[in-house]
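So in my numbering, the last one in the first sequence is 1948, and the numbering has no gaps at all.
For reference, the structure is listed below as structure tokens.
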Amino acid sequence: MYNFKEIEKKWQKYWDENKTFKVDIDENTKKFYMLVEFPYPSGSGLHVGHTRVYTASDVQARFKKSVGYNVLFPMGWDAFGSPAEQYAIKNHIHPSEVVQKNSKVFKEQMKMLGLSVDWSREFSTTDPEYYKLTQWQFLQFYKAGLAYKAEKEINWCPNCKTGLSNEDAEGGVCERCGTKTTKKLKNQWVLRMSDYAEKLIDGLPDTQFLDKVKTAQINWIGKSVGASIKFKLDGIDDDLEVFTTRCDTLYGATFMVISPEHNLLEKYKDKISNIDEIKKYQEEARCKTEIERTDNTREKTGVLIQGIKAINPINGKLLPIWVADYVLSTYGTGAIMAVPAHDERDYAFAKKFDIDIIPVIEGGDTSKEAYVGDGVHINSDILNGMNKEDAINRMLSYIEENDIGMKKTNYRLQDWIFSRQRFWGEPIPMIHCEKCGWVPVPEEDLPVVLPNVESYEPTETGESPLANIEEFVNCKCPKCGGKATRETDTMPNWAGSSWYWLRYMDPHNKNEIANEKALKYWGQVDLYDGGMEHATRHLLYARFWNIFLHEQGLVPYSEPFLKRIAHGMILASNGEKMSKSKGNVVNPNDMINEYGADALRTYEMFIGDYSKDASWSENGLKGCSKFLDRVWNLQDRISEKEEYTKEIEILINQTIKKVSEDIETLNYNTAVSALMILLNKMDELDSISKKDYRTLIHLLNPFAPHMTEEINQICSLGKELSMSKWPTYDESKIVNETYEMVVQVNGKIRGKIEVSRETSREEMLSIAKEIDNVKAYIDGKEIINEIVVPSKLVNIVIK
RNA sequence: GCAGGUGUGGCGAAAUUGGCAGACGCACUAGCCUUAGGAGCUAGCGCCGCAAGGCAUGGGGGUUCAAGUCCCUUCACCUGCACCA
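This is the structure we're talking about:
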């Protein structure tokens, strides 16, 4: 047994003092940027799920360093957000104090784990020096016309009393607290992210993201190609514009539907005779939660607008206009042409309200259901006889020629609601002057620092708590010097994480994100590890942000991340999610105290496929701890020999190859198992050479860095492993001279025999036929086929 | 509904991409050692069978000398997206 407690502490101290993992730009060495999502430093400390992810990244970083890369493996804190704020509300202390305390604990735990992080690059998104630059970048968005303030119907969490972006209210549930969200009309800062929809799709082929991550992004962006068509209003000099992907069904439109939020209602309220009824419907729609509104099993509701009709531009037919909440204000133009014969939703609505259904494509039975398939167009004048594709193209040219519409691409992706009415976020650096309007805070006045306040509670009016602090709010207009007020909204949690990987490249730079040389050298993140839950949020925001910075000439690459992987979760031993409330959380500190960091690391790499969830098993951890003990105990058996021991030379070469490839392809579990196999073989020998041992511990070093350094030192096996070049294998010593030839009769194994790899096909066959058991099967039978696979097997097919 | 994924011993999993299914580990069983064992060592361990052998990778079918791997079909579970016009 080795004393892991002392040994681990010793090496952690050594790495700290010697700055073993400090990196700098080195133009002569190829770089590797290993990034793992930085944590939110919560009060509960690390969890064995975190330690799995950090260990995997660390294995990768240590390996890449050993094979000769200049590795950037940084860590920091994503510390704005709800929990620290909640804690502050309760205990009346500034959230920054909570963050400082918690991140200290996190860092200690990471050091206990033995991560090869360059701690000189550590920062928190809540550091004023950091958020100064976040604010500065917001101003760049503003100056480029990509940040605007708008009255918008937004997702609202009644519990947190704050607005939320679409991404934060996914599924109609508040991401912070789980409360069902409602809609609220609010004046918001918004980033024009939807302008980047196409770029966000176009950039994906340049990355090596996992397919499921790419697909999730593409789905979220939701590109659809169709047409916008203008319907004239009857007796009013105005149009109602709709977006449709099926302009070929225009002849089948029998009514129009607008969303309850559509501005037509306000604009022509005087012409609408049943405006009170409609107002009531609007109110109902607003009070519904997003979940209620988008439940597609719910029966359709709606109100017919009395007094306004639209005109179908293709045939001049008058169409009634309905208000219904199945049409979303946030998609397309918030209005549709309804073709009940060929759209399920329109069909359900028409059936309920007894509206005409005119089929314009042959197929299906439109008295029973909407037919959404392809087919020959009918009742469609210029389109009659055409299929869907031809009809769409014909209609597109018709509407463009006649100026009633145009080809259009629409996206589900919305602009990014960037305002939060909470205390603990970056203040949005804008000032409102009655004379000059919105004026950006001058760069030299940044950062706009979060003040100390009595109460961090959100206000009942839906304003940020900052709004109550007069000395914060009241200021002078930077433009005219007159009386002005500061914006009191803060940025969303995702702001700080939208550029943090750039900051690691040059974290102490006071004037800019990072200097050009650093940005160029470290370039793109080579491998970015994070959870699947960020595939459509953080990852989209970060890409959007980076593409923008690139367009501004501020960063050299358009795409920030080259390769994105997603890890699985660590579940409790019964397969449930670990959670405080269930009391099944495994604390890594306890495991480290009992078995050591090396054992925990090795176990978490061995537990299973890294991309999949895995159930915790303390017995499994014990097994790995035993494995490390056995590696340690080999010390008693080393000889002074300098070369590989003959019996295991091939296996050692194979293991070098296997472990190197497995780490490269993130198959950590099989890398560990290969090392176990090698150990088992060495353990059978009476003595092993120094070279045997050194190679074993070197290959094990990324997994169990402390113990292997210690062995290396006390057995004087060579240079410090963290500073040594990774072992290489000899291609000529990968295969044995002999192999076990498998002999099958009719595909069933009937014999095995050790033969030389040189054995010819003919020899293989004749050797096979001499095996007694094989003879018993083939004697007196007619052989109809003989398959020989060199270096593998012989299969004799008999009748 | 659409898109993607997964399904292999009691358990976590492997399988050179069509060539010995179950490597490695856990659990379990027997034995050794020990005053003791939540230590260590040895052996066994998919299922049926005394054995020879047979059967086995969710189910069914197919291609092939040979299928966990390829094709068709079906079931189950999981993850995205979803009244997106």
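Just so it is clear, CB atoms sit at the ideal spot from N, CA and C, and this is done for glycine as well.
Roughly how far, in whole angstroms, is the beta-carbon of residue i from the beta-carbon of residue j, given that I think they are within contact range, below 8 angstroms?
| i | j | result |
| --- | --- | --- |
| residue 1580 | residue 1644 | Not quite, the Cβ-Cβ distance comes to about 19 angstroms (not below 8 angstroms), so this is no contact. |
| residue 1225 | residue 1547 | Contact doesn't hold; Cβ gap of about 57 angstroms is too wide. |
| residue 1389 | residue 1487 | About 12 angstroms; that fails the 8 angstroms criterion. |
| residue 1391 | residue 1540 | Not quite, the Cβ-Cβ distance comes to about 18 angstroms (not below 8 angstroms), so this is no contact. |
| residue 1890 | residue 1874 | Actually they do not touch by this definition, with Cβ atoms about 38 angstroms apart. |
| residue 1605 | residue 1370 | Not really, about 36 angstroms apart at Cβ, beyond 8 angstroms. |
| residue 1285 | residue 1595 | 6 angstroms |
| residue 1357 | residue 1711 | 6 angstroms |
| residue 1378 | residue 1554 | 4 angstroms |
| residue 1222 | residue 1183 | 5 angstroms |
| residue 1798 | residue 1839 | Rounded, the Cβ-Cβ distance is 14 angstroms, inconsistent with contact. |
| residue 1933 | residue 1894 | That pair is no contact at about 12 angstroms. |
| residue 1147 | residue 1716 | As displayed, the chain neither begins before 1150 nor continues past 1948, which places residue 1147 out of reach and without an answer. |
| residue 1526 | residue 1395 | Not really, about 11 angstroms apart at Cβ, beyond 8 angstroms. |
| residue 1953 | residue 1449 | Residue 1953 lies beyond the residue range present for the chain, which begins at 1150 and ends at 1948; the question has no answer from this structure. |
| residue 1151 | residue 1856 | 7 angstroms |
| residue 1355 | residue 1708 | 5 angstroms |
| residue 1314 | residue 1641 | 6 angstroms |
| residue 1765 | residue 1720 | 7 angstroms |
| residue 1852 | residue 1345 | Contact flag wrong, Cβ pair sits at about 41 angstroms. |
If distances are taken between C-alpha atoms only, which option among the options comes closest to residue i?
| i | options | result |
| --- | --- | --- |
| residue 1909 | 1887, 1587 and 1525 | 1887 |
| residue 1154 | 1790, 1281, 1474 and 1262 | 1262 |
| residue 1732 | 1175, 1196, 1172 and 1151 | 1196 |
| residue 1704 | 1663, 1740, 1720 and 1853 | 1663 |
| residue 1288 | 1697, 1727 and 1739 | 1697 |
| residue 1842 | 1879, 1624, 1788 and 1810 | 1788 |
| residue 1584 | 1623, 1629 and 1620 | 1629 |
| residue 1252 | 1311, 1194, 1942 and 1269 | 1194 |
| residue 1465 | 1408, 1399 and 1475 | 1399 |
| residue 1418 | 1396, 1406, 1455 and 1433 | 1455 |
| residue 1294 | 1589, 1240 and 1235 | 1589 |
| residue 1403 | 1489, 1322, 1337 and 1385 | 1489 |
| residue 1927 | 1822, 1520, 1638 and 1899 | 1899 |
| residue 1850 | 1812, 1387 and 1255 | 1812 |
| residue 1200 | 1859, 1623 and 1734 | 1734 |
| residue 1828 | 1233, 1615, 1786 and 1855 | 1786 |
| residue 1815 | 1764, 1622, 1385 and 1754 | 1754 |
| residue 1162 | 1172, 1257 and 1227 | 1257 |
Which residues does DSSP list as the beta-bridge partners of residue i?
| i | result |
| --- | --- |
| residue 1486 | 1405 |
| residue 1893 | 1898 and 1944 |
| residue 1624 | 1633 |
| residue 1329 | 1322 |
| residue 1587 | 1581 |
| residue 1903 | 1889 |
| residue 1334 | 1302 |
| residue 1935 | 1945 |
| residue 1639 | 1569 and 1576 |
| residue 1340 | 1296 and 1565 |
query = Can you give, in chain order, each stretch of the alpha helix (DSSP H) that sits fully within the stretch 1374-1452 and has at least 4 residues?
reply = 1412-1416, 1424-1436 and 1439-1442
task = Would you check if the stretch 1520-1537 and the stretch 1301-1317 touch, i.e. whether three or more CB-CB distances between them fall below 8 angstroms?
result = Taking one beta carbon from each stretch, the stretch 1301-1317 and the stretch 1520-1537 have fewer than 3 pairs nearer than 8 angstroms; the two do not touch.
key: Within the stretch 1756-1796, ranges of the alpha helix (DSSP H) (whole runs, at least 4 residues)   = 1767-1782
task = Answer yes if the stretch 1365-1376 comes into contact with the stretch 1680-1694, meaning at least three C-beta pairs across the two stretches below 8 angstroms, and no otherwise.
result = yes
key: Sufficient close CB pairs (3 or more, under 8 angstroms) joining the stretch 1207-1226 to the stretch 1251-1265   = yes
task = Could you tell me whether the stretch 1671-1683 touches the stretch 1534-1550, where touching means 3 or more Cβ pairs closer than 8 angstroms?
result = Cβ pair count under 8 angstroms is below three, so no.
query = Counting only runs that start and end within the stretch 1267-1325, where is the beta strand (DSSP E) found for 3 or more residues in a row?
reply = 1296-1306 and 1311-1313
task = Write down every uninterrupted run of the beta strand (DSSP E) in the stretch 1159-1234 whose length is 3 residues or greater and which is fully enclosed by it, in chain order.
result = 1180-1185 and 1219-1221
ask   = Which whole runs of the alpha helix (DSSP H) in the stretch 1451-1514 are 4 residues long or more, in chain order?
value = 1493-1502
message = Just to confirm the assignment: which complete beta strand (DSSP E) runs, minimum length 3, are found wholly within the stretch 1503-1580?
response = 1554-1559
query = Per the contact definition of three or more C-beta pairs closer than 8 angstroms, is the stretch 1935-1947 in contact with the stretch 1904-1920?
reply = Enough Cβ pairs lie closer than 8 angstroms, so yes.
request  = Inspect the CB distances between the stretch 1511-1520 and the stretch 1467-1475 and report whether three or more fall short of 8 angstroms.
outcome  = no
contact_flag[the stretch 1769-1781, the stretch 1742-1753] where n(CB pairs < 8 angstroms) is 3 or more = Touching, per the Cβ criterion.
request  = Could you name each continuous beta strand (DSSP E) segment of 3 residues or more that falls completely within the stretch 1673-1750, going from the start of the chain to the end?
outcome  = 1676-1679 and 1713-1715
request  = Determine contact between the stretch 1271-1285 and the stretch 1563-1572, defined as no fewer than three beta-carbon pairs at a distance below 8 angstroms.
outcome  = no
query = Which runs of the alpha helix (DSSP H) fall wholly inside the stretch 1795-1866 and span at least 4 residues, in chain order?
reply = 1795-1813, 1817-1833, 1839-1849 and 1854-1863
inquiry  = When you compare the stretch 1496-1512 with the stretch 1421-1434, are there three or more beta-carbon pairs, one atom per stretch, that lie closer than 8 angstroms?
reply    = no
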